[in-house]
Amino acid sequence: MDTAIKTPIEMLAHWAKTRGDHIYLRQPIKGQYLDFTWGEVQEKVQQLAGALRHLGLEPGDKIAVLSKNCAEWFITDLALMHGGYISVPIYPTANTDTIRYVLQHSGAKAIFLGKLDHWADQEAGVGGELLRLAMPYETMPAQYQWEQLLNMGHPLIETPLPTADQVMTLIYTSGSTGQPKGAIQTFASYGWTCQAVVRDLRTDGDDRLLSYLPLAHITERVAIEGSSFYSGSTVAFVENLDTFVLDVQRAKPTVFFSVPRLWSLFQKNIIDKIGVSKLNLLLKIPLISSLVKYKIHKGLGLNHCRLLGSGSAPIPPSLIHWYHSIGLDICEAWGMTENCAYSIINYPFDVRKIGTVGKPVQDCYIRQGEDGELLIKSPGLMTAYYLQPEATAAAFDADGFFHTGDLCAIDADGCVTITGRVKDNFKTAKGKYVAPVPIERKLAQDPHVELICVIGSGLPHPVALVQLSEGAGLQAREEVRASLKTTLDSVNPHLESHEHVDAIVVVNDPWTIENDVLTPTLKIKRHVLEKAFSERVDGIRGAQVCWEDEITKK
Numbered sequence: 000m001d002t003a004i005k006t007p008i009e010m011l012a013h014w015a016k017t018r019g020d021h022i023y024l025r026q027p028i029k030g031q032y033l034d035f036t037w038g039e040v041q042e043k044v045q046q047l048a049g050a051l052r053h054l055g056l057e058p059g060d061k062i063a064v065l066s067k068n069c070a071e072w073f074i075t076d077l078a079l080m081h082g083g084y085i086s087v088p089i090y091p092t093a094n095t096d097t098i099r100y101v102l103q104h105s106g107a108k109a110i111f112l113g114k115l116d117h118w119a120d121q122e123a124g125v126g127g128e129l130l131r132l133a134m135p136y137e138t139m140p141a142q143y144q145w146e147q148l149l150n151m152g153h154p155l156i157e158t159p160l161p162t163a164d165q166v167m168t169l170i171y172t173s174g175s176t177g178q179p180k181g182a183i184q185t186f187a188s189y190g191w192t193c194q195a196v197v198r199d200l201r202t203d204g205d206d207r208l209l210s211y212l213p214l215a216h217i218t219e220r221v222a223i224e225g226s227s228f229y230s231g232s233t234v235a236f237v238e239n240l241d242t243f244v245l246d247v248q249r250a251k252p253t254v255f256f257s258v259p260r261l262w263s264l265f266q267k268n269i270i271d272k273i274g275v276s277k278l279n280l281l282l283k284i285p286l287i288s289s290l291v292k293y294k295i296h297k298g299l300g301l302n303h304c305r306l307l308g309s310g311s312a313p314i315p316p317s318l319i320h321w322y323h324s325i326g327l328d329i330c331e332a333w334g335m336t337e338n339c340a341y342s343i344i345n346y347p348f349d350v351r352k353i354g355t356v357g358k359p360v361q362d363c364y365i366r367q368g369e370d371g372e373l374l375i376k377s378p379g380l381m382t383a384y385y386l387q388p389e390a391t392a393a394a395f396d397a398d399g400f401f402h403t404g405d406l407c408a409i410d411a412d413g414c415v416t417i418t419g420r421v422k423d424n425f426k427t428a429k430g431k432y433v434a435p436v437p438i439e440r441k442l443a444q445d446p447h448v449e450l451i452c453v454i455g456s457g458l459p460h461p462v463a464l465v466q467l468s469e470g471a472g473l474q475a476r477e478e479v480r481a482s483l484k485t486t487l488d489s490v491n492p493h494l495e496s497h498e499h500v501d502a503i504v505v506v507n508d509p510w511t512i513e514n515d516v517l518t519p520t521l522k523i524k525r526h527v528l529e530k531a532f533s534e535r536v537d538g539i540r541g542a543q544v545c546w547e548d549e550i551t552k553k
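Residue 150 in numbering that gives the first Met the number 0 is what sits at position 151 of the sequence shown, and the numbering runs on without skipping anything.
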């Protein structure tokens, strides 16, 4: 392998040698940390890799991991790398069909099972023929438990170093437009990306990270797990949803990444506690302003943070401005499964560039296609989609640039704004094309909106489907209607005539992963909502706001 890019296993050996007694992983159990030093992690990695050999699993075999984030997830991942296996992470919220598809498509020989909230509902997807290996948590039945594995066979100490083009992992996309595709990432592509994150964000052994976003998603796998491999940072985990705030406060992260939906939830909790008017007033008083900001930061557990980030989905510029007003600067980044999630970032934070995702990182190159599509090329790009040669061929141009499917604008400073998805654009009944994402961003600024999806393929005009925020559900319907109507009336005049939104329809049922409206990364499946609502909303006119239960069924 290229000597300029070390493997995670080489980095583990480095940290075990230079800071073996330093705490690396911190797993909360019943409110107390179970700590693992770098030396202990290396020992468990070698023991686990030896157990897999003892069980007859050979280098190159694919082994799945189905678990929420925990210290054992990292240890398992490193053991798979050490043994020459190919990891296949699966979202812990994945349904039976998705689990079955990924396991069958990848050809996995075994599966590690860990922290799961609904394992009984998922077990059918795993099936009875696959070798099951259990992490030390309450999980679905398995042939071998964690402690058995750590005492099985002989530790695997010496193994050949991977080559640059050796497959490290198959990362399956979230499947927002169909079946998930398995992106092949090598030790070179993963290693380059992790090193780039450490280089650009300047993380080191003094940093404290928190791992809570799904490790099956490439962003967490690179930005938290991967950067810890290459920086020597300490990583803490979250015990469960109920302890989240306490876990963040206990971890005292110096670098913290989240997703737009959670940033919105944090904002809501702050506003609910203080009140908009009172907060705005307090922030205008110089001496009190600093104290208020500090208390907010401490309440979130972010008072030690030097870097905040957001990714996975677009974040409203108004939300970043709001956090900036309370002294928390969120750097928006852009990436995809196919490019190891790290290509463009607004870092160092530039308030003038809020609304953009920043500039390409070093050694990452971008182009804009004729249709406005963002094309990208970097050492972090996947080699192919697993077992899908046609999809792979269609994904790259003749120069090796990847078709991201995202529409973009690039300003004079080279900063990129994501304006929508190529496949999201639809044609109305009038034959006019509409890009829904910019419209959604404008309407989402209403505080009553939790999630929004603009549909309109084959309709006279677009219609916005809205899931209300938790607080809005406690307000009188007419009060919420008036607010949404005001927002709609303020947005429509700034749209082209064919883009005017005919109505906002408030849906009855929340959009979830379980009812197949959201992907495991909380992206909205637009095609699912179009199928469910297009006929029902056809005929609504006059820029009105209505609830789903007010629509006459068709």
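Even glycine gets a Cβ: it sits at the ideal position worked out from N, Cα and C.
Proximity to residue i [Cα-Cα], best of the options
i, options, result
"GLN121", "LEU306, ILE89, GLN142", "ILE89"
"GLY126", "ILE110, LEU115, ALA133", "ILE110"
"LYS114", "LYS108, MET381, PRO140", "PRO140"
"CYS193", "LEU278, TYR84, ARG220", "ARG220"
"PRO461", "VAL436, MET134, ALA119", "VAL436"
"ASN68", "TYR32, ALA434, GLN26, ALA50", "GLN26"
"ILE550", "PRO519, TRP510, VAL504", "VAL504"
"ARG305", "PRO347, ILE270, LEU278", "PRO347"
"ILE85", "VAL166, ASP396, THR17, THR36", "VAL166"
"THR518", "GLY174, ASP205, GLU478", "GLY174"
"GLN41", "PRO58, HIS53, GLY59, THR17", "THR17"
"TRP262", "LYS294, GLY204, HIS323, ARG207", "HIS323"
"PRO252", "PRO259, ILE375, PHE243", "PHE243"
"ILE270", "GLU495, GLY298, LEU56", "GLY298"
"GLN266", "ASP20, ARG249, LYS292", "LYS292"
"ALA187", "MET134, PRO378, SER257, ARG198", "PRO378"
"TYR136", "ASP410, ASN239, THR418, TYR211", "ASN239"
"ASP445", "PRO388, HIS493, GLU495, ALA481", "ALA481"
Counterpart residues of residue i in DSSP-defined beta bridges
i, result
"ARG207", "THR233"
"GLN26", "LEU33"
"TRP14", "None, per the DSSP bridge assignment."
"GLU331", "SER309"
"GLN184", "THR168"
"CYS407", "ILE417"
"ALA463", "VAL453, ILE503"
"TRP262", "In DSSP, TRP262 forms no bridge with anything."
"ILE284", "Answer by DSSP bridge pairing: none, since ILE284 is not bridged."
Cβ pair residue i, residue j closer than 7 Å
i, j, result
"LEU11", "ALA70", "no"
"VAL506", "LEU464", "yes"
"ILE28", "THR233", "no"
"ILE287", "SER309", "no"
"VAL516", "VAL527", "yes"
"ALA48", "LEU155", "yes"
"LEU467", "HIS447", "yes"
"VAL87", "LEU169", "yes"
"SER342", "GLY334", "yes"
"GLY326", "ILE344", "no"
"GLY455", "PHE425", "yes"
"LEU458", "TRP510", "no"
"GLY38", "ALA15", "yes"
Residue environment, residue i, which counts as buried when at least 16 other CB atoms sit within 10 Å
i, result
"TYR364", "exposed"
"CYS530", "Here the sequence assigns Lys to residue 530, which means Cys is not the residue at that position. It is exposed - the Cβ of LYS530 has fewer than 16 other Cβ atoms within 10 Å."
"GLN46", "buried"
"ALA475", "exposed"
"HIS216", "buried"
"HIS320", "exposed"
"GLN361", "exposed"
"SER489", "exposed"
"HIS153", "exposed"
"HIS81", "buried"
"ILE284", "exposed"
"ALA123", "exposed"
"THR162", "exposed"
"THR75", "buried"
"PRO562", "Because the chain spans 0 through 553 in this model, residue 562 falls outside it and cannot be assessed."
"GLU439", "buried"
"LYS429", "exposed"
"ALA222", "buried"
Whole-number beta carbon distance between residue j and residue i, since they are thought to touch under 8 Å
i, j, result
"VAL433", "HIS497", "7 Å"
"TYR100", "PRO179", "7 Å"
"THR129", "LEU102", "Per the sequence shown, the amino acid found at residue 129 is Leu instead of Thr. That pair is a contact at about 7 Å."
"LEU148", "LEU132", "6 Å"
"GLN556", "CYS339", "Nothing can be reported for residue 556: it is not among the residues displayed for the chain, which extend from 0 to 553."
"GLY83", "THR6", "GLY83 to THR6, Cβ: 11 Å. No contact."
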